[in-house]
Amino acid sequence: MHSWDERTDLLAHSVLGYAVERLRLPKDTHWGARPATELEAVLDGMLSPGGVGGHEALRVFRDVLVPACRPMDDPMMLSYVPTAPTFAATLFDLVVSASSIFAGHWESGAGAIAAENQALAWLAELAGFPPGAGGCFVSGGSAANLSALVTGRHHAMERQERAGRPPRWAFAATSEVHASVKAAARVMDVDVLVVPADEHGRMTGASLSAACAADPATASGLFAVVASAGTTNVGALDDLAGIADVCAERQLWLHVDGAYGGAALCAPSARPKFAGIERSDSFSVDPHKWLFAPYDAGALVYREPSLAAAAHAQHGDYLDAIDRGEWNPADYGFHLSRRARGLPLWFSLVTHGTDAYRDAVETTLATAHAFADDVRSRPEHFELLLEPDLSVVLFRCRGWRDEDYRDWTRERARDGTTLIVPTRWEGETCYRVCVINPRTSVAALGGLLDDMAIGPLTARSRGTTR
Ligand SMILES: *Cc1c(COP(=O)(O)O)cnc(C)c1O
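In my numbering, the protein residues as written are -18 to 447.
See below:
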């Protein structure tokens, strides 16, 4: 297993050849989840004392297992937040795996960490953070939100050491905040002061202040505010500047969750919407969403990284025996061992240049806005529910019932056309389209509207004679 022999040589060619094929050839849009029993039947007996050999394992993966996974990078994958890694980024992910770099501490991973930090510095500068800002790459937005909030609470604890701690800690966020933020509250056992979102799905400084006034008991334990820079459901940006004012006044940690939307910092057309982010204490962006890196990578940046190290650095006799060096990503999140998962983004960024990133994000924004215009231009069939802040478009199909949305979604996923999952906005079912792939075309999106405009699928089958 640990010696390179002729069999390893053959397997290397097969695996790398397959990886290149996987990367180059479009995936089949019919691919998707299969029942566990079906997959278990195929896997049955593969794990054996003698092994089945790499080629057999690869065959099963290629023929059965990968086709049971949805192609998240397909240009017509328009649900959740999809992914669209560049070839350079994915190719370099193979290199990261091949390099066995422990990127928790500078002492062991300096070269990789220096490059990751260059990518983080680009993000920090886009956000208007001062020199000295920094952080690390974690698995994604969920890990970033939790790490940032733990830092914020630790900072509040140290400050309030003398004044005495509140009976319950709490942070504020809107009802539109991502599920991972509510999950972080459960993990930390803290309360959430829910700030009602306005009609655009946003939190403002005024609504934050009003929510504090309305619930003084919870507000007395407040240590942080989580603002969204692009909510997942509608792509709305909270009023970051107004929120920053309240945070400054009340000495609250401001974390900006930009897991989805933060990528648009590099698009000049969207940058003004982020005004105020430069005053936050931490922000996060998922490169695996809209910055064209493969899973999994979340970037977390702190204005004052030493505050994060105070909360997160792990100590132990075997860890403290050596000088760990200048920058230790392990200190900035709740992790120790980590792969250098920021390197695929770094490699692609330096390969293509930041202008290419600006252009790619602008392309997707333009596509989403053109799609919104298309929806608006067909008022007899559709209702655009919100002017898109970023690249999420919400619209209703006039006269459709909940089951009509469900049927169309199921049928167009089954026939491999697209995946668009309905969501809810202001209590009503609607469609949500999220564009992050520069290869998603305005014409193809218009084709989907043509299809929906014919009417619900059930009505169509009733109307036709067989
Ligand atoms: C996707 C998302 C998250 C969670 O990120 P993961 O990478 O899936 O952990 C958090 N916040 C927002 C706004 C998101 O869109």
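Beta carbons are placed, not taken as given, at the ideal position from N, Cα and C, and that holds for glycine. None of these values were measured; they are calculated from a predicted model.
Only exposed fits residue -15, as fewer than 16 other CB atoms lie within 10 angstroms of its CB. In terms of Cβ geometry, residue 415 and residue 372 form a close pair [threshold 9 Å]. For residue 247, there is no enclosing alpha helix (DSSP H), since its DSSP letter is neither H nor E. Taking C-beta atoms as the reference points, residue 237 and residue 264 count as a pair closer than 9 Å. Shown here, residue 193 sits in a helix according to DSSP, grouped into three states. Note: residue 415 is bridge-paired with 373 in the DSSP secondary-structure output. In this structure, residue 318 places its C-beta atom within 9 Å of the C-beta atom of residue 83. In the DSSP secondary-structure assignment, residue 236 is bridged to 207, 263. Just measuring C-alpha positions, the residue of 315, 387, 7, 364 sitting nearest residue 68 is 7. Where residue 116 is concerned, the enclosing beta strand (DSSP E) starts and stops at 115 to 119. Between the beta-carbon of residue 186 and that of residue 227 there is about 5 Å, and that keeps the pair under the 8 Å contact cut. Exclusion of the five residues before and after residue 434 leaves 359, 362 as the residues of its chain whose Cβ lies within less than 7 Å of its Cβ. In the displayed model, residue 382 falls within coil according to three-state DSSP, outside both helix and strand. For residue 0 and residue 425, the gap between their C-alpha atoms comes out near 28 Å. DSSP places residue 279 in the uninterrupted beta strand (DSSP E) bounded by 279 to 283. With distances taken between CA atoms, residue 364 lies nearest to 377 out of 353, 377, 355. In the displayed model, residue 368 falls within coil according to three-state DSSP, outside both helix and strand.
Short of 8 Å from the beta carbon of residue 75, and not among the five residues preceding or following it, lie these beta carbons of its own chain, in chain order: -3, 0.
The DSSP-derived three-state label of residue 87 is helix.
Leaving aside the five residues that flank residue 400 on each side, the residues in its chain whose CB is nearer than 6 Å to its CB run, in chain order, 58, 60, 394. Within the model, the alpha-carbon separation for residue 413 versus residue 245 is close to 19 Å. Rounded to whole angstroms, residue 289 and residue 139 show a C-alpha spacing of 12 Å. Not one heavy atom of ligand 1 is found less than 8 Å from the C-beta of residue 176. Counting C-beta pairs with one atom in each stretch, the region 154 to 166 and the region 269 to 287 have fewer than three that are closer than 8 Å, which means they do not touch. For residue 405, the beta-bridge partners assigned by DSSP are 410. Annotation: the continuous alpha helix (DSSP H) that includes residue 340 extends over 335 to 357. Ranked by Cα distance from residue 326, the first of 294, 297, 350, 279 is 279.
Distance from the C-beta of residue 245 to the nearest heavy atom of ligand 1 is not below 8 Å.
Residue ranges of uninterrupted alpha helix (DSSP H) with 4 or more members, entirely inside the region 22 to 47 and ordered along the chain, are 35 to 41. When DSSP states are grouped into helix, strand and coil, residue 155 belongs to the strand group.
DSSP places residue 76 inside the alpha helix (DSSP H), whose first and last residues are 68 to 80. Of 441, 409, 348, 429, the smallest CA-CA separation from residue 422 is found for 348.
Each residue's CA atom was taken as its position, placing residue 234 and residue 105 some 17 Å apart. Contact annotation: the region 7 to 25 touches the region 44 to 54, with at least three C-beta pairs closer than 8 Å. Look at residue 172 here: in three-state DSSP terms it is strand. Distance from the C-beta of residue 123 to the nearest heavy atom of ligand 1 is below 8 Å.
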